[in-house]
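The structure under discussion appears below in the form of structure tokens.
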Amino acid sequence: MAKLRVKASGKLYRVSDKWAKTNVMMRDEGLRGYIPSTRKFSRLTLHNLLHAHQMVYVKPTYGSLGRGVMRVEKQSPGEYVYQLGGNRKTFHSFDGLYHSLKRDTLGKSYLVQRGVHLLKYEGRRFDLRVVVQRAPQGGWEMTGVVARIAHPEKIVTNGSQGGSILTAEQVLSAHMSSSQLDNLKKRLEDIGISTIKRLYRKYPRLNEIGLDIAIDSQFRPWILEVNTTPDHCPFAILPDQTMIRRIIHYGSRYGRHYKLNCFKAKNTL
7 MAKLRVKASG KLYRVSDKWA KTNVMMRDEG LRGYIPSTRK FSRLTLHNLL HAHQMVYVKP
67 TYGSLGRGVM RVEKQSPGEY VYQLGGNRKT FHSFDGLYHS LKRDTLGKSY LVQRGVHLLK
127 YEGRRFDLRV VVQRAPQGGW EMTGVVARIA HPEKIVTNGS QGGSILTAEQ VLSAHMSSSQ
187 LDNLKKRLED IGISTIKRLY RKYPRLNEIG LDIAIDSQFR PWILEVNTTP DHCPFAILPD
247 QTMIRRIIHY GSRYGRHYKL NCFKAKNTL
């Protein structure tokens, strides 16, 4: 069994194993319905998930910033496409697809996750980053939500991969009414707090998390990933600094200090 990768330094505590975090969260009946089917990467799991859902993401078990993530689609019987970075490859057999993906994993541990067709803003896919922190007065609080819009030629939304950062309100209001938006934000808060409570039971040194959440066409949220040492640059580059000031303040109360050298992400399309 692979050793769980956990890094602790003062108040900084990182759980980098995505598979371990997924398994902890799947034990929570309330969270289970928000987690896309996820398995360890193998020929069988790729075949089963791809043929059940037509589109999957293959991503490193240990990794960050969207590096190494691949989007795989079954476009028609016997035709498959996957994209890594800005490169797309087409195959006319499942075996050809699998062996190429296997080479691109570079011998590292990977996961296969059911793909969620993200909502789009001005023709570009986006997801949400939700931050939950330990509150100074006790308990847990959602301290920020922001939208991350993918570069037109990329499959991930990370600012480090050319993505753009806009307010969640600006992006979501293109799809829903103000009352629907309020309801979604409350749902995101409930999901975020339930997630950190569940993870905290396993990792009691956690103080904050950043959830990457997809919204599908039915406005259903899906937890794509949970980061235990989230990068807060998406909030730092917004013109309105209210959320990043709150995040920094809450972090200082449990001893975390942030290095926000934010040069790659931008807050315009």
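At position 38 of the sequence shown the residue is numbered 44 (our numbering), and the sequence of numbers has no breaks.
Think of the CB as a built atom: it goes at the ideal place given N, C-alpha and C, for glycine as much as any other residue.
What number of angstroms, rounded off, separates the C-alpha of residue i from the C-alpha of residue j?
i, j, result
"N93", "G74", "12 angstroms"
"E85", "H105", "15 angstroms"
"G169", "E147", "26 angstroms"
"D246", "T173", "9 angstroms"
"S15", "N54", "Residue confidence is low: S15 scores 41 on pLDDT, short of 50, so the model does not pin down where it sits. Its coordinate-derived value is still stated next. Using only the alpha carbons, I get a separation of about 40 angstroms."
"I202", "F97", "40 angstroms"
"D237", "K126", "23 angstroms"
"I229", "S99", "31 angstroms"
"R193", "R33", "19 angstroms"
"D218", "P83", "32 angstroms"
"M7", "L266", "Bear in mind that the predicted position of M7 carries a pLDDT of just 31, short of 50, making it unreliable; the figure below should be weighed with that in mind. About 36 angstroms."
"P227", "H181", "14 angstroms"
"E175", "L244", "13 angstroms"
"R154", "I171", "5 angstroms"
"A156", "V232", "18 angstroms"
"G91", "P210", "36 angstroms"
Would you list the one or two residues that DSSP bridges to residue i?
i, result
"V229", "Sequence check: residue 229 is Ile here, not Val. The partner list for I229 (beta bridge, DSSP) reads I219."
"V152", "R135, T173"
"M32", "None; M32 has no bridge partner."
"Q119", "T44, Y63"
"R77", "Y63, Q89"
"T96", "V87"
"K265", "None, per the DSSP bridge assignment."
"Y127", "R130"
Thinking residue i and residue j are a contact (beta carbons under 8 angstroms), I'd like their distance in whole angstroms, please.
i, j, result
"R120", "H59", "5 angstroms"
"G4", "E214", "Past the boundaries of the shown model lies residue 4; the chain is included only from 7 to 275, so the question cannot be answered."
"V152", "R135", "5 angstroms"
"I306", "R77", "Nothing about residue 306 can be reported from this structure: the residues present for the chain run from 7 to 275 only."
"L52", "V118", "5 angstroms"
"V87", "A220", "Between A220 and V87 the Cβ distance is about 20 angstroms, and since that is not below 8 angstroms, they are no contact."
"R20", "T234", "5 angstroms"
Counting only beta-carbon separations shorter than 7 angstroms, does residue i have a partner in chain D?
i, result
"L275", "The chain inventory of the structure shown lacks chain D, comprising one protein chain alone."
Checklist entry - Which full runs of the beta strand (DSSP E) of 3+ residues lie inside the region 167-215, going along the chain? => result 170-173
Next on the checklist: Quick check: the region 18-30 against the region 60-75, are at least 3 beta-carbon pairs closer than 8 angstroms?
Outcome noted: yes
Next on the checklist: Assess contact between the region 186-200 and the region 35-42, defined as three or more Cβ pairs (one per stretch) separated by less than 8 angstroms. Is contact present?
Outcome noted: yes
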